[in-house]
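To start, the structure itself, in structure tokens.
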Amino acid sequence: MITIKNLHASIDGKEILKGLNLEVPAGQVHAIMGPNGAGKSTLASVLAGREDYEVTEGSVDFDGADLLELSTEDRAREGMFLAFQYPVEIPGVSNVNFLRTALNEIREYRGQEAISAKDFMAMVREKSAIVELDPKLASRAVNEGFSGGEKKRNEIFQMAMLEPKLAILDETDSGLDIDALRIVANGVNKLRSEKNATIVITHYQRLLDYIIPDVVHVLYDGRIVKSGPKELALELEEKGYDWIKAEQEAK
Amino acid sequence: MSETQTDRTLSAFTKHLRQTEISLPAHLINASLNELAGKSFPTTRTEAWKYTRLTKLSKLSPTLAAHHDGINSTPFAIHSTGNRVVIENGAIHMNATRFETVSGLTIKRFSECSAEELQHVGGMLSLENELFNAMNTAYLQEGILVQIADKAQINSPIELIHLLSKVECAATIRVFIHVGKFAKAALTMGTWSAGADQSILNAVSEIHVGEGAHFTLQKLQCEEEGNFQICTEEITQDKDSVFTMHTVTLNGTLVRNNVRVRVNGTNCETNLYGAYLLKGNQHTDNHTVIDHMMPHCLSNELYKGVIDEQATAVFNGKVFVRKDAQKINAFQSNGNVLMTDTASVNSKPELEIYADDVKCSHGSTTGQLDEEAVFYLQSRGISERSARNLLVEAFIGEVLDKNDNKEFVAKTNAILNERFGWER
Ligand SMILES: Nc1ncnc2c1ncn2[C@@H]1O[C@H](COP(=O)(O)OP(=O)(O)OP(=O)(O)O)[C@@H](O)[C@H]1O
Ligand SMILES: [Mg+2]
Chain A
-1 MITIKNLHAS IDGKEILKGL NLEVPAGQVH AIMGPNGAGK STLASVLAGR EDYEVTEGSV
59 DFDGADLLEL STEDRAREGM FLAFQYPVEI PGVSNVNFLR TALNEIREYR GQEAISAKDF
119 MAMVREKSAI VELDPKLASR AVNEGFSGGE KKRNEIFQMA MLEPKLAILD ETDSGLDIDA
179 LRIVANGVNK LRSEKNATIV ITHYQRLLDY IIPDVVHVLY DGRIVKSGPK ELALELEEKG
239 YDWIKAEQEA K
Chain B
132 MSETQTDRTL SAFTKHLRQT EISLPAHLIN ASLNELAGKS FPTTRTEAWK YTRLTKLSKL
192 SPTLAAHHDG INSTPFAIHS TGNRVVIENG AIHMNATRFE TVSGLTIKRF SECSAEELQH
252 VGGMLSLENE LFNAMNTAYL QEGILVQIAD KAQINSPIEL IHLLSKVECA ATIRVFIHVG
312 KFAKAALTMG TWSAGADQSI LNAVSEIHVG EGAHFTLQKL QCEEEGNFQI CTEEITQDKD
372 SVFTMHTVTL NGTLVRNNVR VRVNGTNCET NLYGAYLLKG NQHTDNHTVI DHMMPHCLSN
432 ELYKGVIDEQ ATAVFNGKVF VRKDAQKINA FQSNGNVLMT DTASVNSKPE LEIYADDVKC
492 SHGSTTGQLD EEAVFYLQSR GISERSARNL LVEAFIGEVL DKNDNKEFVA KTNAILNERF
552 GWER
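Chains as they are written, first to last, in the numbering used here: chain A, -1 to 249; chain B, 132 to 555.
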């Protein structure tokens, strides 16, 4: 689904990603863990196409497309979805209105017809149920006045609406209580299929009890320095990152 | 500012204009002519015109178009029914005008009114140092008298269409509206142009909202770039009345709106809403005054602008609360979004409060679109252009949505679609 090779990216002249390699095949869930400031959100932003970052080296193949050559919107239209660590509030723009615009622009890009108002509303009902998002929130302004948990659920609701090939969840679990966590994880699991892939960025092993990853990666100082089975997450939670740091410094 | 402006006398500007033949009170005509004699156009050294240059306007010598050209005015109509008066280059276009009998409503042309019927015209208008008001009196071409009888509920639209269709031509029009006690009505005013260039509309409205009456004035300003308009509204509210005004400015080289509301009774409500969406080299200047003279009143003022390309805007809003006007709630806010580095705005909200038991707030914001929000929308598959449009619409929608007149909103949306490619 996605193959990242030797990715270097910097912001304001400071290199954050320093030769990152990662491959996530279709049908799999990969978790990325790592200490604060390691570059996890940077990776997500670079993949989503945020212009503040300059990619200086490397390549990203996204299901056959040269991802780095695409505009942010075209990446989304090709099936990339980022659930933001900090979703922005957009006063005055209603969730449903913006999602209909998004859905129709994506459909147009793919040569499909615009969705009818009736089908769209049916879809809103169906998908908001998956994440147990109050339908009232669906018609309110994007994230405006939403609680932290509601914002995260709204991200997964949008993901459900847009049905991406690759979803990157950036700390979607942080700030969620255990019920919300279960709901969000259920949502993600319901949307899993052989055709799509998911990258879950998290600090907490507990999320991975609900969303079982095929592979766990450790991102440290701008690189993936360790990859392993889901048990690696447990080990990281128990021991922290100091041993990783020590291992790296020893190299 | 170190720059010097060459003053241009008014006489060069008015040389082709004719003294009014309307039966206005003679002393007002004389006072106006005296006021204008030997005067020049205000420069940016004059406080009220600090950010609005009249240089381009002052270089013109507009003529009077003797007759209307009979331009098809249908595309400019906002309402499909009701009374419609079309005024082309300052003259009533009778074929396009539609008078309908509505109980409690009288609409008359000034040119067919006696001096007695016009005796109150000009009563609320200050002339001193108000050159455009003085010109509107001395050179008045035509006027519209609108009377709403006491207790009348006028549900059908009343629409005035101002149309400029000549090059370097002046249209000088007065509207005099009396809303009787406990009456209810709304009036729509559209300002348009077709084939006009370097032309100017000088429109003054005097509005008296009687005790317990409700009156709404909605203006849609769409003269094409190249033309000028100076629009003045003088409103007086009696006790227990509600006055609401919507000013939507979508085009025009120079649009100056002067609104003054004298709230001269207790328990009144005053709502002023303005939206301006500018591009090219447009300039729009909204000067408003709400004068609270009596206690227990509420006023809301919300003006918002989106300024693109090289366009410029001015907002100057004054709210006075006089000494004995206790228990006033007055809210005023002006927000602007600058779409480019070359767009600019000068915003000056002012409160002058002489009473002590009042609740007032005012604020002004100017900024760019939230780039984080643009990125968020793009990351969902929305093009950058649509993303910006969505954000701009949301911003300006707060004001546009205050108007619940479907036909007015539909026309506004149609023009927004035409000019900015929006689908609302
Ligand atoms: N504009 C900037 N200029 C310089 N450094 C920046 C800038 N923006 C971010 N950084 C740095 O980039 C590094 C990576 O940040 P990033 O947000 O990707 O970390 P993260 O792994 O997501 O951390 P967290 O676990 O706290 O979310 C940090 O050291 C951060 O300070
Ligand atoms: Mg992060």
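Quick reminder that beta carbons are idealized off the backbone N, C-alpha and C, glycines included.
I need the boundaries of the alpha helix (DSSP H) containing residue i, first residue and last residue.
i: residue 59 of chain A; result: Looking at the DSSP string, residue 59 of chain A is not in any alpha helix (DSSP H); the run it does join, the beta strand (DSSP E), is 51 to 60.
i: residue 241 of chain A; result: 240 to 248
i: residue 535 of chain B; result: Element bounds for residue 535 of chain B: n/a, residue is neither H nor E.
i: residue 144 of chain B; result: 141 to 145
i: residue 447 of chain B; result: Where residue 447 of chain B is concerned, there is no enclosing alpha helix (DSSP H), although the beta strand (DSSP E) it sits in stretches over 443 to 452.
i: residue 136 of chain A; result: 133 to 137
i: residue 162 of chain B; result: 157 to 167
i: residue 203 of chain A; result: 203 to 208
i: residue 46 of chain A; result: 38 to 46
i: residue 189 of chain B; result: 186 to 189
Just to confirm, does residue i get its C-beta within under 7 Å of one of the non-hydrogen atoms of ligand 1?
i: residue 169 of chain A; result: yes
i: residue 441 of chain B; result: no
i: residue 38 of chain A; result: yes
i: residue 166 of chain A; result: no
i: residue 219 of chain A; result: no
i: residue 12 of chain A; result: yes
i: residue 83 of chain A; result: yes
i: residue 197 of chain A; result: no
i: residue 2 of chain A; result: no
i: residue 9 of chain A; result: yes
Per DSSP, residue i is paired with what?
i: residue 63 of chain A; result: A:60
i: residue 16 of chain A; result: A:6
i: residue 361 of chain B; result: B:333, B:387
i: residue 345 of chain B; result: B:315, B:373
i: residue 173 of chain A; result: DSSP, once it has assigned bridges, lists no residue as partnering residue 173 of chain A.
i: residue 29 of chain A; result: A:198, A:214
i: residue 278 of chain B; result: B:237, B:309
i: residue 304 of chain B; result: B:273, B:334
i: residue 320 of chain B; result: B:291, B:350
i: residue 226 of chain A; result: A:214
i: residue 455 of chain B; result: Answer is none; residue 455 of chain B lacks a bridge partner.
i: residue 164 of chain A; result: A:78, A:195
i: residue 221 of chain A; result: A:218
i: residue 472 of chain B; result: Answer is none; residue 472 of chain B lacks a bridge partner.
i: residue 0 of chain A; result: A:22, A:60
i: residue 284 of chain B; result: B:315
i: residue 171 of chain B; result: B:140
i: residue 298 of chain B; result: B:328
i: residue 340 of chain B; result: B:310, B:368
i: residue 543 of chain B; result: DSSP output for residue 543 of chain B lists no bridge partner at all.
i: residue 183 of chain B; result: None; residue 183 of chain B has no bridge partner.
What is the residue span of the beta strand (DSSP E) that residue i lies within?
i: residue 218 of chain A; result: 213 to 218
i: residue 89 of chain A; result: 88 to 92
i: residue 464 of chain B; result: 459 to 469
i: residue 145 of chain A; result: Residue 145 of chain A -> no beta strand (DSSP E), and no H or E assigned at all.
i: residue 290 of chain B; result: 289 to 295
Would you say the beta carbon of residue i comes nearer than 7 Å to a heavy atom of ligand 2?
i: residue 457 of chain B; result: no
With a threshold of 7 Å, establish whether the CB of residue i neighbours any heavy atom of ligand 3.
i: residue 34 of chain A; result: With respect to small molecules bound, the structure shown includes ligand 1 and ligand 2 and not ligand 3.
*Pick out the complete beta strand (DSSP E) segments inside the region 366 to 438 of chain B, 3 residues or longer, and give them in chain order.*
The region 366 to 438 of chain B contains these whole beta strand (DSSP E) runs: 373 to 380, 385 to 394, 400 to 409, 414 to 423, 429 to 438.
*asked:* For a minimum of 4 consecutive residues, which ranges assigned as the alpha helix (DSSP H) are wholly contained in the region 197 to 274 of chain B?
replied: Listed in chain order, the alpha helix (DSSP H) elements of length 4 or more contained wholly in the region 197 to 274 of chain B are 262 to 269.
*Fully enclosed by the region 478 to 522 of chain B, which beta strand (DSSP E) runs are 3 residues long or longer?*
Entirely contained in the region 478 to 522 of chain B, the beta strand (DSSP E) runs reaching 3 residues are, in chain order, 489 to 498.
*Where in the region 72 to 130 of chain A do unbroken runs of the beta strand (DSSP E), each at least 3 residues long, occur, reported from the N-terminal end onward?*
Segments of the beta strand (DSSP E) lying fully in the region 72 to 130 of chain A: 78 to 81, 88 to 92.
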